[in-house]
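Asks:
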Amino acid sequence: MKPFMDKDFLLSTDMAKTLFHDYAAKVPILDYHCHINPQEIFEDRKFENITQVWLGGDHYKWRQMRSNGVDEKYITGDASDREKFQKWAETMPKLIGNPLYHWSHLELKKYFGYDGYLNGDTAEEVWNLCNAKLQEDSMTVRNIIRQSNVTLICTTDDPVDTLEWHQKIAADDTFDVQVLPAWRPDKAMNVEKPTYAEYIAKLSEVSGIEIKDFASLKAALENRMDYFAANGCSVSDHALEYVMYAPASEAELDAIMAKSLKGESISKEEELKYKTEFMLFVAKQYNKRGWVMQLHYGCKRDNNAFMFEKLGADTGFDCINNYAPSAQMADFLNALSATDEIPKTIIYSLNPVDNASIGTIIGCFQSKVPGKIQQGSAWWFNDHKVGMTDQMTSLANLGCLGNFIGMLTDSRSFLSYTRHEYFRRILCELIGGWVENGEYPADMKSLKEIIEGISYYNAVKYFGFNL
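Just so we're on the same page, my numbering is the position in the sequence shown counted from 1, plus 7.
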């Protein structure tokens, strides 16, 4: 029996061990998509206790605590941080096979030097150990990032954001990790939401352009893209409930906007027309500017209306949507291809059944740049051993795995960088197994390039970051 989480964790063959220890483990981390707060980086926050850094805002953990029957008081309620940590510790042993069990113990090992395992009985020991460690200067936010060997971070930012914290970080010569904004214009696209008019008023204010129709909306967005670009942005990100392709005239778009701005409801057809033209516009802007476009879809959000009313979005009540929009995605990219205006694009689906369709779609539109159209890493509910293995195997079967840009953190926690180690171990186990099975030669020069590329260097080249 192998020891729990030893140096060869998840690595079962000699080749897998060589690929991980000699190559994957030695390259830095490029965090090109996450949800961490740049203000906390600038202020170099020091956390008071492990609950703050582990359970605050982590809806992955919240879901599992609810699954274990934990009262909401100990999850998002007014229980003490110590009580909340105890309930999480008591939940942990039940999570056999869940990536949270692995992630949590990887974090305990890397950042706190703890080699045991967390449960209700060890909670007090772990609580005291972690809290003492968190008071050390080595565990401020900036030093956690440094010891994680991170070279660059892209946060997630709305077009109306001031980006003041990015500016302050950039002006601070004492921190050598780049922290760049990423453009996330979902609120400007969500014409069907009751908050649309209020948001458009804010966008008008910050851009200095009165938005009264689709033409002025585009002008305001271009204004803000210029501002983001001046602050180092070269990456966009979109959360799409649907991948749509329903073209519309400018007059139709103006009428749709007018209804929404007056607080009137719009039809699903009107919503799709607006969102289609919105996405075509921004995609062409990304292409012109050399930005990367990330498209996330396949999520049915804000289920459990009772809890959503109490807690709001991003609190653990989203699920996989079985909608499979392969034809619409192909039509969307085809419309951009007609005028040669497809930007570098990364496509993620929350539904794993979309792996094969994405693999075939991206092959239709590759050109000029290695892996210009990417299938994104296994995302959210899929970032576990099976999900990652399936995503990479499908991409290898249908595309060019050697050009894959690899893992992203997609987290609100500064301790989540161990997810890159987890991904890299799974990557090396997969490819190492192919070599051991005679499906790929033991060509160490090529294997080194593949492993280091997927782990880090492919993303550096793809995004064009100056590192």
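Glycine included, every Cβ here is placed at the ideal spot set by N, Cα and C.
Every value quoted in this text rests on a predicted model; they were computed, and no experiment measured them.
#1: Give the straight-line distance between the Cα atoms of Tyr355 and Cys371, rounded to the nearest whole angstrom.
#2: From which residue to which residue does the beta strand (DSSP E) around His245 run?
#3: Give a yes or no on whether 9 Å exceeds the smallest Cβ distance from Gly366 to chain D.
#4: Quick one: give me the first and last residue of the beta strand (DSSP E) that Ile176 is part of.
#5: Pick out the complete alpha helix (DSSP H) segments inside the stretch 388-457, 4 residues or longer, and give them in chain order.
#6: Please report the straight-line C-alpha distance between Asn294 and Arg431, rounded to a whole angstrom.
#7: Leaving out five residues on either side along the sequence, give the residues of the same chain with a beta carbon under 6 Å from the beta carbon of Phe339.
#8: Relative to the alpha-carbon of Val289, which residue among Glu316, Arg308, Met232 has its alpha-carbon at the smallest distance?
#9: If you draw a straight line from the alpha carbon of Ser223 to that of Glu259, how long is it in whole angstroms?
#10: What span of residues does the alpha helix (DSSP H) with Asp193 cover, start to end?
#11: Using the rule of at least 16 other Cβ atoms within 10 Å of the residue's Cβ for burial, across every protein chain shown, is Leu474 buried or exposed?
#12: Can you give me the C-alpha to C-alpha distance between Ala337 and Ile48, rounded to a whole angstrom?
#13: At 4 residues or longer, and completely inside the stretch 84-134: list those alpha helix (DSSP H) runs for me, N to C.
#14: Identify whether Gln1 lies in helix, strand or coil by the three-state DSSP scheme.
#15: In this structure, what does DSSP give as the bridge partners for Gln382?
#16: DSSP three-state label for Gln185, please.
#17: Could you compute how far the alpha carbon of Thr129 sits from the alpha carbon of Leu136?
#18: In three-state terms, what does DSSP make of Thr283?
#19: Assuming Arg419 and Ile43 make a contact with CB atoms under 8 Å, what is their CB distance in whole Å?
#20: Is the beta carbon of Leu37 less than 9 Å from the beta carbon of Val157?
#21: Checking the sheet assignment: what are the DSSP bridge partners for Tyr304?
#22: Give the secondary structure of Val167 by DSSP, where H, G and I count as helix, E and B as strand, and everything else as coil.
#23: Using the beta-carbon count (16 or more within 10 Å), is Lys280 buried or exposed?
#24: Check Val77 in the structure and name its three-state DSSP category.
#25: Nearest by alpha-carbon distance to His40: which of Met314, His245, Met395 is it?
#26: Between Ile369 and Thr396, how many whole angstroms is the CB-CB distance? I'm expecting something under 8 Å.
#27: For Pro448, does the count of other Cβ atoms within 10 angstroms reach 16, so buried, or fall short, so exposed?
#28: Look at the Cβ atom of Gln71, then the Cβ atom of Leu107, and state whether they are nearer than 9 Å.
#29: Could you check the C-alpha separation between His427 and Val148 for me, to the nearest Å?
#30: Between Gln301 and the rest of its own chain, which residues show a CB-CB distance below 6 Å, the 5 nearest in sequence each way excluded?
#31: Looking only at its own chain, which residues have a Cβ that is under 6 Å from the Cβ of Cys435, when we skip the five neighbours before and after it?
#32: Just to confirm before moving on: does the CB-CB distance between Leu210 and Pro166 stay below 9 Å?
Replies: Inspection of the coordinates gives the following:
#1: Here the question's residue 355 lines up with position 348 in the sequence shown. Here the question's residue 371 lines up with position 364 in the sequence shown. CA-CA distance, Tyr355 to Cys371, rounds to 17 Å.
#2: The residue labelled residue 245 in the question sits at position 238 within the sequence shown. It spans 242-247 - the beta strand (DSSP E) in which His245 sits, taken as one unbroken run.
#3: Looking at the structure shown, chain D is missing, and only one protein chain is on hand.
#4: To locate residue 176, count along the sequence shown from 1; it is residue 169. No beta strand (DSSP E) contains Ile176, which is instead part of the alpha helix (DSSP H) from 171-177.
#5: Segments of the alpha helix (DSSP H) lying fully in the stretch 388-457: 392-405, 425-443.
#6: Translated into the one-based positions of the sequence shown, residue 294 becomes position 287. Translated into the one-based positions of the sequence shown, residue 431 becomes position 424. Between the alpha carbons of Asn294 and Arg431 lies a gap of roughly 31 Å.
#7: Mapped onto the sequence shown, residue 339 falls at position 332. Hits under 6 Å: Tyr252.
#8: Taking the first residue of the sequence shown as position 1, residue 289 is located at position 282. Out of Glu316, Arg308, Met232, the CA that lies nearest to the CA of Val289 is found in Met232.
#9: Residue 223 sits at position 216 when you count from the first residue of the sequence shown. Residue 259 sits at position 252 when you count from the first residue of the sequence shown. CA-CA distance, Ser223 to Glu259, rounds to 15 Å.
#10: Within the sequence shown, numbered from 1, the residue matching residue 193 stands at position 186. Counting along the chain, Asp193 sits inside the alpha helix (DSSP H) bounded by residues 193-196.
#11: As a position in the sequence shown, residue 474 is number 467, starting the count at 1. With fewer than 16 other Cβ atoms within 10 Å, it is exposed.
#12: Indexing the sequence shown from 1 puts residue 337 at position 330. Indexing the sequence shown from 1 puts residue 48 at position 41. C-alpha separation (whole angstroms): 39 Å.
#13: Unbroken alpha helix (DSSP H) runs of no fewer than 4 residues, entirely contained in the stretch 84-134, are found at 88-98, 106-119, following chain order.
#14: Outside the displayed span of the chain (8 to 474) sits residue 1, for which this structure offers no information.
#15: In the sequence shown, the residue the question calls residue 382 occupies position 375. According to DSSP, which records beta bridges pairwise, Gln382 is partnered with Ile354.
#16: Within the sequence shown, numbered from 1, the residue matching residue 185 stands at position 178. Strand at Gln185.
#17: Along the sequence shown, read from residue 1 onward, the residue named residue 129 stands at position 122. Along the sequence shown, read from residue 1 onward, the residue named residue 136 stands at position 129. Looking at the two C-alpha atoms, the distance is approximately 11 Å.
#18: Position 276 of the sequence shown holds residue 283. When secondary structure is reduced to three states using DSSP, Thr283 falls in the helix class.
#19: Here residue 419 refers to the residue found at position 412 of the sequence shown. Here residue 43 refers to the residue found at position 36 of the sequence shown. Rounded, the Cβ-Cβ distance is 6 Å, consistent with contact.
#20: As a position in the sequence shown, residue 37 is number 30, starting the count at 1. As a position in the sequence shown, residue 157 is number 150, starting the count at 1. Yes, Cβ-Cβ distance for Leu37 and Val157 is below 9 Å.
#21: Locating residue 304 in the sequence shown gives position 297, where the first residue counts as 1. When DSSP reads this structure, Tyr304 sits in a beta bridge with Leu247, Ser356.
#22: Your numbering for residue 167 matches position 160 in the sequence shown. Residue state, collapsed to three classes: coil.
#23: Mapped onto the sequence shown, residue 280 falls at position 273. By the 10 Å Cβ count, Lys280 comes out buried.
#24: Numbered from 1 along the sequence shown, position 70 holds the residue referred to as residue 77. Coil at Val77, not helix or strand.
#25: The count along the sequence shown starts at 1 and reaches residue 40 at position 33. Minimum Cα distance to His40 is reached at His245.
#26: Here residue 369 corresponds to residue number 362 of the sequence shown, with the count starting at 1. Here residue 396 corresponds to residue number 389 of the sequence shown, with the count starting at 1. With a Cβ gap of about 19 Å, Ile369 and Thr396 do not count as contacting.
#27: Numbered from its first residue, the sequence shown carries residue 448 at position 441. Exposed, because fewer than 16 other Cβ atoms sit within 10 Å of the Cβ of Pro448.
#28: In the sequence shown, the residue the question calls residue 71 occupies position 64. In the sequence shown, the residue the question calls residue 107 occupies position 100. The Cβ atoms of Gln71 and Leu107 lie closer than 9 Å to each other.
#29: Here residue 427 refers to the residue found at position 420 when the sequence shown is read from its first residue. Here residue 148 refers to the residue found at position 141 when the sequence shown is read from its first residue. Roughly 18 Å separates the two Cα atoms.
#30: Position 294 of the sequence shown holds residue 301. These residues qualify, in order along the chain: Asp244, Ile353.
#31: What you label residue 435 is simply residue 428 of the sequence shown in a count that begins at 1. Once the five neighbours on either side are set aside, the close Cβ partners of Cys435 are Ala23, Leu26, Phe27, Ala31.
#32: Position 203 of the sequence shown, counted from the start, is the residue given in the question as residue 210. Position 159 of the sequence shown, counted from the start, is the residue given in the question as residue 166. For Leu210 and Pro166, yes; Cβs fall inside 9 Å.
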